[in-house]
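**Q** Protein chains in written order, with my numbering: chain A, 1 to 355; chain B, 356 to 614; chain C, 615 to 895.
Backbone N, C-alpha and C define an ideal beta-carbon position, used for all residues, glycine too.
Let me begin by handing over the structure; questions about it come next.
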Amino acid sequence: MTDPLVVLDQVEKRFDDFVAVRDANLTINEGEFIAIMGPSGCGKTTTLRMLAGLEAPTSGTIKIAGQVMNDVPADKRDTPMVWQSLALFPFLNARENVEFGLKMRGVGAQERETRAMNWLERMEIAEFAERNVETLSGGQRQRVALARALVTEPKLLLLDEPLSALDAHLVIRMQSVLTKLQRELGITFVYVTHSQSEAFAMADRVVIMSQGDIAQIGTPREVYRSPKTRFVAEFVGRNNILPGKVSSVSDGLVVVETALGALKVPGEASPGDQAAIVVAGDMMQVGTGDNTLHATVISEEFVGSMVTAFLEAEDGTELKVQVQERALADLGLETGKQVTLGWAVQDGHLLLEET
Amino acid sequence: MTLFLRAYLFVLFGFVFLPIVVSMLFSFNSDRFPTLPMSGFTFEWYNTIFADPDFWRSAKNSLIVSGSTCVIATFLGFCTAYTDYRYSFRGKSLFLAIILLPPTIPLIIIALAMLAWFSRVGMSGQVASVIAAHTVLTAPFAMAIIRLRLSQIDESLEAAAWNLGASEWRAMREVILPFCKPAILSSLFLTAAVSFDEFTVAWFVSGLNKTLPVHVLEIVQGTIDPQVNAIGTLVFGISITLVVISQLLIFFRLQRASQ
Amino acid sequence: MRRPSTYAMTFRLPIIIWQSVFFVGPLIFVVAMSFFVVKNYRMVETFELDSWSKMINRDYVWSAYRYTLMMAGSASVLASLLAFPAAWFLAFRCSPQARQLAILLLIIPFFTSYLVRTFSWYTILAEAGVLNGVFALLGLGPFTMLNTAFGTMVGYLTFVLPLVLILQTVTMANIDDRLIQAARNLGCSSARTIFSVVLPAGKTGFVIAALFAFILSFGDFVAPFYLGGSNPPTMPILIIDTTKSGQQWPRAAVVAVMMMLTLFSVAFASIMYAYRKRASR
Numbered sequence: 001m002t003d004p005l006v007v008l009d010q011v012e013k014r015f016d017d018f019v020a021v022r023d024a025n026l027t028i029n030e031g032e033f034i035a036i037m038g039p040s041g042c043g044k045t046t047t048l049r050m051l052a053g054l055e056a057p058t059s060g061t062i063k064i065a066g067q068v069m070n071d072v073p074a075d076k077r078d079t080p081m082v083w084q085s086l087a088l089f090p091f092l093n094a095r096e097n098v099e100f101g102l103k104m105r106g107v108g109a110q111e112r113e114t115r116a117m118n119w120l121e122r123m124e125i126a127e128f129a130e131r132n133v134e135t136l137s138g139g140q141r142q143r144v145a146l147a148r149a150l151v152t153e154p155k156l157l158l159l160d161e162p163l164s165a166l167d168a169h170l171v172i173r174m175q176s177v178l179t180k181l182q183r184e185l186g187i188t189f190v191y192v193t194h195s196q197s198e199a200f201a202m203a204d205r206v207v208i209m210s211q212g213d214i215a216q217i218g219t220p221r222e223v224y225r226s227p228k229t230r231f232v233a234e235f236v237g238r239n240n241i242l243p244g245k246v247s248s249v250s251d252g253l254v255v256v257e258t259a260l261g262a263l264k265v266p267g268e269a270s271p272g273d274q275a276a277i278v279v280a281g282d283m284m285q286v287g288t289g290d291n292t293l294h295a296t297v298i299s300e301e302f303v304g305s306m307v308t309a310f311l312e313a314e315d316g317t318e319l320k321v322q323v324q325e326r327a328l329a330d331l332g333l334e335t336g337k338q339v340t341l342g343w344a345v346q347d348g349h350l351l352l353e354e355t
Numbered sequence: 356m357t358l359f360l361r362a363y364l365f366v367l368f369g370f371v372f373l374p375i376v377v378s379m380l381f382s383f384n385s386d387r388f389p390t391l392p393m394s395g396f397t398f399e400w401y402n403t404i405f406a407d408p409d410f411w412r413s414a415k416n417s418l419i420v421s422g423s424t425c426v427i428a429t430f431l432g433f434c435t436a437y438t439d440y441r442y443s444f445r446g447k448s449l450f451l452a453i454i455l456l457p458p459t460i461p462l463i464i465i466a467l468a469m470l471a472w473f474s475r476v477g478m479s480g481q482v483a484s485v486i487a488a489h490t491v492l493t494a495p496f497a498m499a500i501i502r503l504r505l506s507q508i509d510e511s512l513e514a515a516a517w518n519l520g521a522s523e524w525r526a527m528r529e530v531i532l533p534f535c536k537p538a539i540l541s542s543l544f545l546t547a548a549v550s551f552d553e554f555t556v557a558w559f560v561s562g563l564n565k566t567l568p569v570h571v572l573e574i575v576q577g578t579i580d581p582q583v584n585a586i587g588t589l590v591f592g593i594s595i596t597l598v599v600i601s602q603l604l605i606f607f608r609l610q611r612a613s614q
Numbered sequence: 615m616r617r618p619s620t621y622a623m624t625f626r627l628p629i630i631i632w633q634s635v636f637f638v639g640p641l642i643f644v645v646a647m648s649f650f651v652v653k654n655y656r657m658v659e660t661f662e663l664d665s666w667s668k669m670i671n672r673d674y675v676w677s678a679y680r681y682t683l684m685m686a687g688s689a690s691v692l693a694s695l696l697a698f699p700a701a702w703f704l705a706f707r708c709s710p711q712a713r714q715l716a717i718l719l720l721i722i723p724f725f726t727s728y729l730v731r732t733f734s735w736y737t738i739l740a741e742a743g744v745l746n747g748v749f750a751l752l753g754l755g756p757f758t759m760l761n762t763a764f765g766t767m768v769g770y771l772t773f774v775l776p777l778v779l780i781l782q783t784v785t786m787a788n789i790d791d792r793l794i795q796a797a798r799n800l801g802c803s804s805a806r807t808i809f810s811v812v813l814p815a816g817k818t819g820f821v822i823a824a825l826f827a828f829i830l831s832f833g834d835f836v837a838p839f840y841l842g843g844s845n846p847p848t849m850p851i852l853i854i855d856t857t858k859s860g861q862q863w864p865r866a867a868v869v870a871v872m873m874m875l876t877l878f879s880v881a882f883a884s885i886m887y888a889y890r891k892r893a894s895r
């Protein structure tokens, strides 16, 4: 195992009284694709800007390639960034934009042009090299921004919601461009986004942040199936969260007394603990199971072939069930109908709540 | 109602433009005293001013003053605009006030203050004094034009340059200055035009090194002399050319941006 | 707070130094100068109330003050009233393109010499001038228009009308259209809409425009000098007379300070009024 490329050790960033990032500990390995995800204002962009040297941490240390970077100014680092606004220089053409980083490093004009053109070709936009960047389409500008960041062949690429301005169909295309690029180059990507689908589609590991804290670090699967906190459970996916109190524990099986009755879930807890059972929308099934509920269908939401049905239990708790679109009618999930819902014990996930 | 208002608008515009038009027309009128009907076409007044060494001296002074003023005022305006755009610090409003306040103080007061101050510090009656005074008067306009341009910049642009290895100075040269170029040019023309027309402060401060408007002021104080119309028309031609150029620069920039 | 870097200070220091030496310095000096005295044709830097007591006890200073205040006030009101119908028309009855063109045209006068325009008015208003020539064709006149308050006012209006017209037009063009439509929808006539919607909504702009007209007229010496014939003199003319001929700079400074105090009070009062939240009725 090689040394990690990036280490954040108890990093904190305060702006006057406002704590933007609190006690952040994070290790990023070489060649990893890390997504930092969270709602706006959670500190994800500040974390990225600290890696780029655009903000200095208030306390703690940031190491890149073993070197403490806290006081290294932005222009002395090799941590190019792809900006949310792309930040292409409007008075330069596409090629000059890509050459910018090389020019700042004193690379000669001839070599600059060759290397810039190589990257433009690699990004399949060589034909627009001499075009003013303001006349390019969103996707083309995206590629110029990527080429500009990658032309210096950095070990670490920072991306700040780079796809947020693109149309939905282009986002999917650019996602595959990015993942392919990252695998080919073998460099580390740190990708900030508020979009779960972008993070899950591309990242090896996901960092979820909330109000300046890192709430959870894990693979997309871990984060999705075993959220560590209520925030993560709510932020990620279509989870049903059923809060209650642990009434009994035996053989790794916990019984939680919820508003909808006693429900069973695997895990460790002590009787009396505040807890919640998290059941992913796609684990909840129509029909009886180890745990069973009754609810009325309120509405349905179509996302391609998948449908999310929204239901309401007797006490008003809102529930979500994800099913295949074609199975919808068979299951009787029609608005206004009453159905029985159930799930297997092992499909539930126990969440102990801190008091 | 609409018809009435339209007519009223034309009357008002007539009032505003009447002196300009009359001045231009009578600069070619052969009669010394302007009366209706006009007496005949002549270049006499233009010939008179071109033959007058005083005119050329003051015109030269005016060119030196406005040429230097526009450079210094634009530099000061740029520094203020950039500081306002980039930084927030304690005392910033005071900082902005000392550059933005001059246009709100009557020129006659500034003229008196400058006259007294320059004679106190031993800078009386020099072309440099007029330049210094005019930079104070015109820097706010430079600041406004350049600040407006900076408000259109993508805030990540400068940081993007640092991120790609440019030092702050390098980013200034490679990103901020090229971005502000149209506004800087526009500011140069505008401040030059304002300085070229200013006579109150120049009259008090210039001493023997009078500028063209001060020359005009002296003629006007004497008698009715159609030379004034001729000079006015010439200066108007020059000023308006400068302003049109500066406006076109802004206009084409905006057009390109909106594409 | 971190100390600002050399880079940051490079952009701040030139302004602080330049404006201190060439703006703040002179301004403070002119205030100080009002307390200096002139002895044997030389100014002595001291602190005496000599000039103040001399100026304040003279009737002609106060009559000039009252006259200047009255004329500048009238110019401000007159310009606001004259500009309003035209600005309203430009804001609500014209296409944006026509409005842009009108504003562009109104900017032109700022780049013609005010001096030359005043001279032009002189030839227009003179006894044997252009205007009386037109009147003569109609069998009227001649009228005396030069060396009167009317002449001064024509000069002031030449100076301030374009600015007031621009500011009022921009103010009204920026009023939310929905407000006006709502008023019309509720049965307001055009006239009532002006009083109940346009004037309150654009209050800040109108007050600022009038304030500018006041400041510019109050400080202008060209119109009262050439068109008003210094009869009676205004405050700026007092400054010119006392500096240019009398060498009495401290007394000119007293006039300047009186003017500044007046302007600051008027500006402060107007701005307070313009930005005051209207009490609920």
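Return the chain-ordered list of same chain residues with a C-beta closer than 8 angstroms to the C-beta of Q346/A, the five sequence neighbours on each side being excluded.
**A** Within the first sequence, the letter at position 346 stands for residue 346/A. For Q346/A, where only same-chain residues beyond five positions count, the Cβ hits under 8 angstroms are P266.
**Q** Looking at C-beta atoms only, is the number of pairs between the stretch 506-520 of chain B and the stretch 72-90 of chain A that lie closer than 8 angstroms three or more?
**A** Cβ pair count under 8 angstroms is three or more, so yes.
**Q** Distance check for G272/A and I241/A, CA to CA, integer angstroms please.
**A** Reading the first sequence from its first residue, position 241 is the one you call residue 241/A. Reading the first sequence from its first residue, position 272 is the one you call residue 272/A. Each residue's alpha carbon lies about 18 angstroms from the other.
**Q** Tell me D439/B's beta-bridge partners as DSSP assigns them.
**A** As a working mapping, residue 439/B is identified with position 84 in the second sequence. Note: D439/B sits in no beta bridge, so no partner.
**Q** Please go through the same chain and pick out, in chain order, the residues whose beta-carbon is closer than 7 angstroms to the beta-carbon of F388/B, but skip the five residues on each side of it.
**A** What you label residue 388/B is simply residue 33 of the second sequence in a count that begins at 1. Once the five neighbours on either side are set aside, the close Cβ partners of F388/B are I579.
**Q** Looking at the secondary structure, which residues open and close the alpha helix (DSSP H) in which V871/C lies?
**A** Translated into the one-based positions of the third sequence, residue 871/C becomes position 257. Per DSSP, V871/C belongs to the alpha helix (DSSP H) from W863 to Y889.
**Q** Just reading off the alpha helix (DSSP H) that G753/C is part of, what are its end residues?
**A** As a position in the third sequence, residue 753/C is number 139, starting the count at 1. Note, G753/C: premise wrong, no alpha helix (DSSP H); not H, not E.
**Q** Exposed or buried, R895/C, counting other C-beta atoms within 10 Å across all chains shown (16 or more means buried)?
**A** As a position in the third sequence, residue 895/C is number 281, starting the count at 1. At R895/C the pLDDT is 40, less than 50, meaning the model places this residue with poor confidence and gives no usable figure here.
**Q** Is it buried or exposed for V303/A, if we count other Cβ within 10 angstroms and need 16 for buried?
**A** Reading the first sequence from its first residue, position 303 is the one you call residue 303/A. Exposed is the call here.
**Q** How many Å lie between I486/B and S511/B at the Cα?
**A** Residue numbering aside, residue 486/B sits at position 131 when the second sequence is read from its first letter. Residue numbering aside, residue 511/B sits at position 156 when the second sequence is read from its first letter. Going by the C-alpha atoms only, they are around 37 angstroms apart.
**Q** Does L604/B come within less than 8 angstroms of chain A when only Cβ atoms are used?
**A** By one-based count along the second sequence, residue 604/B stands at place 249. No, L604/B does not count as interfacial toward chain A.
**Q** Which runs of the beta strand (DSSP E) spanning at least 3 residues fall entirely within the stretch 164-198 of chain A, listed in chain order?
**A** For the stretch 164-198 of chain A, whole beta strand (DSSP E) runs of length 3 or above, ordered along the chain, are 188-193.
**Q** Within the continuous beta strand (DSSP E) that includes S248/A, where are the two ends?
**A** Taking the first sequence and counting its residues from 1, one reaches residue 248/A at position 248. N239 to S250 is the span of the beta strand (DSSP E), which, as asked, contains S248/A.
**Q** In chain order, what residues of the same chain have a beta carbon less than 7 angstroms from the beta carbon of D23/A, not counting five sequence neighbours either side?
**A** By one-based count along the first sequence, residue 23/A stands at place 23. Correct list, in chain order: Q10 and E12.
**Q** Look at the alpha carbon of M469/B and the alpha carbon of L545/B, and state the distance between them as a whole number of angstroms.
**A** Here residue 469/B refers to the residue found at position 114 when the second sequence is read from its first residue. Here residue 545/B refers to the residue found at position 190 when the second sequence is read from its first residue. Using only the alpha carbons, I get a separation of about 23 angstroms.
**Q** Looking only at DSSP bridge pairs, what is E301/A linked to?
**A** For the purposes of this step, residue 301/A is identified with residue 301 of the first sequence, where counting begins at 1. BP columns for E301/A point to T308/A.
**Q** What three-state label does DSSP hand Q614/B in the structure shown?
**A** The count along the second sequence starts at 1 and reaches residue 614/B at position 259. Residue placement at Q614/B is flagged as unreliable, the pLDDT there being 45, under the threshold of 50; the coordinate-derived value follows with that caveat. Reduced to three states, the DSSP call for Q614/B is coil.
**Q** Confirm the yes/no value for this check: CB of T737/C, any heavy atom of the ligand HEM, distance under 7 angstroms.
**A** By its list of ligands, the structure shown contains no ligand whatsoever, and the ligand HEM lies outside what it can speak to.
**Q** By Cβ distance below 7 angstroms, which residues in the same chain neighbour M615/C in space, the five residues on each side in sequence not counted?
**A** Here residue 615/C refers to the residue found at position 1 of the third sequence. Because M615/C carries a pLDDT of 44, less than 50, the predicted location of this residue cannot be relied on, and no value is offered for it.
**Q** Over what stretch of residues does the alpha helix (DSSP H) that includes W343/A continue unbroken?
**A** As a first step, residue 343/A must be located in the first sequence, where it is residue number 343. No alpha helix (DSSP H) contains W343/A, which is instead part of the beta strand (DSSP E) from Q338 to W343.
**Q** Nearest-angstrom Cα distance between D664/C and S443/B?
**A** Here the question's residue 664/C lines up with position 50 in the third sequence. Here the question's residue 443/B lines up with position 88 in the second sequence. Straight-line Cα distance between these residues: approximately 45 angstroms.
**Q** Name the residue from G60/A, E318/A and M202/A whose alpha carbon lies nearest to the alpha carbon of L341/A.
**A** The residue labelled residue 341/A in the question sits at position 341 within the first sequence. Per the Cα distances, E318/A.
**Q** Sorted by chain position, which residues of the same chain lie with C-beta nearer than 7 angstroms to R141/A's C-beta, five sequence neighbours on each side aside?
**A** In the first sequence, the residue the question calls residue 141/A occupies position 141. So the qualifying residues of the chain are L86, L88 and V133.
**Q** At the level of alpha carbons, what is the spacing between F534/B and F636/C?
**A** Taking the second sequence and counting its residues from 1, the one referred to as residue 534/B is at position 179. Taking the third sequence and counting its residues from 1, the one referred to as residue 636/C is at position 22. Their Cα atoms are separated by approximately 30 angstroms.
**Q** Can you find a C-beta in chain B that's less than 8 angstroms from the C-beta of F733/C?
**A** For the purposes of this step, residue 733/C is taken as the residue at position 119 of the third sequence. Yes, its Cβ sits closer than 8 angstroms to a Cβ of chain B.
**Q** Could you confirm whether any beta carbon from chain C is found closer than 8 angstroms to the beta carbon of S312/B?
**A** Any property of residue 312/B remains undetermined from this structure, which presents chain B solely from 356 to 614.
**Q** DSSP beta-bridge partners for F33/A?
**A** To locate residue 33/A, count along the first sequence from 1; it is residue 33. Its beta-bridge partners are F189/A.
**Q** Counting only Cβ-Cβ distances shorter than 7 angstroms, please list the residues of the stretch 44-63 of chain A near chain B, keeping chain order.
**A** Answer set for the stretch 44-63 of chain A: A52 and L54.
**Q** Tell me the rounded alpha-carbon separation between A94/A and T135/A.
**A** As a first step, residue 94/A must be located in the first sequence, where it is residue number 94. As a first step, residue 135/A must be located in the first sequence, where it is residue number 135. C-alpha separation (whole angstroms): 10 angstroms.
**Q** Check whether the stretch 700-717 of chain C touches the stretch 543-559 of chain B, counting contact only when three or more Cβ pairs, one atom from each stretch, lie closer than 8 angstroms.
**A** The answer is no - the stretch 543-559 of chain B does not touch the stretch 700-717 of chain C, with fewer than three Cβ pairs under 8 angstroms.
**Q** Taking Cβ positions, are E32/A and T219/A nearer each other than 8 angstroms?
**A** Counting from 1 along the first sequence, the entry for residue 32/A is found at position 32. Counting from 1 along the first sequence, the entry for residue 219/A is found at position 219. No.
**Q** Got a sec, what are the start and stop residues for the beta strand (DSSP E) M209/A sits in?
**A** Position 209 of the first sequence, counted from the first residue, corresponds to residue 209/A. Where M209/A is concerned, the enclosing beta strand (DSSP E) stretches over R205 to S210.
**Q** If L492/B sits next to P461/B, beta carbons under 8 angstroms apart, how far is it from one beta carbon to the other, in whole angstroms?
**A** Walking along the second sequence from the start, residue 492/B turns up at place 137. Walking along the second sequence from the start, residue 461/B turns up at place 106. About 12 angstroms; that fails the 8 angstroms criterion.
**Q** Write down the C-beta distance between M669/C and V868/C rounded to the nearest angstrom, noting that I regard them as a contact closer than 8 angstroms.
**A** The count along the third sequence starts at 1 and reaches residue 669/C at position 55. The count along the third sequence starts at 1 and reaches residue 868/C at position 254. With 8 angstroms as the limit, M669/C and V868/C qualify as a contact, their Cβ atoms being about 4 angstroms apart.
**Q** Applying a beta-carbon distance threshold of less than 8 angstroms, which residues of chain B neighbour G101/A?
**A** Counting from one through the first sequence, the residue named residue 101/A turns up at place 101. Within chain B, the residues near G101/A are L519 and G520.
**Q** According to DSSP, is G60/A part of a helix, a strand, or is it coil?
**A** On the first sequence, residue 60/A is found 60 positions in, with the first residue counted as 1. DSSP places G60/A in strand when its eight states are reduced to three.
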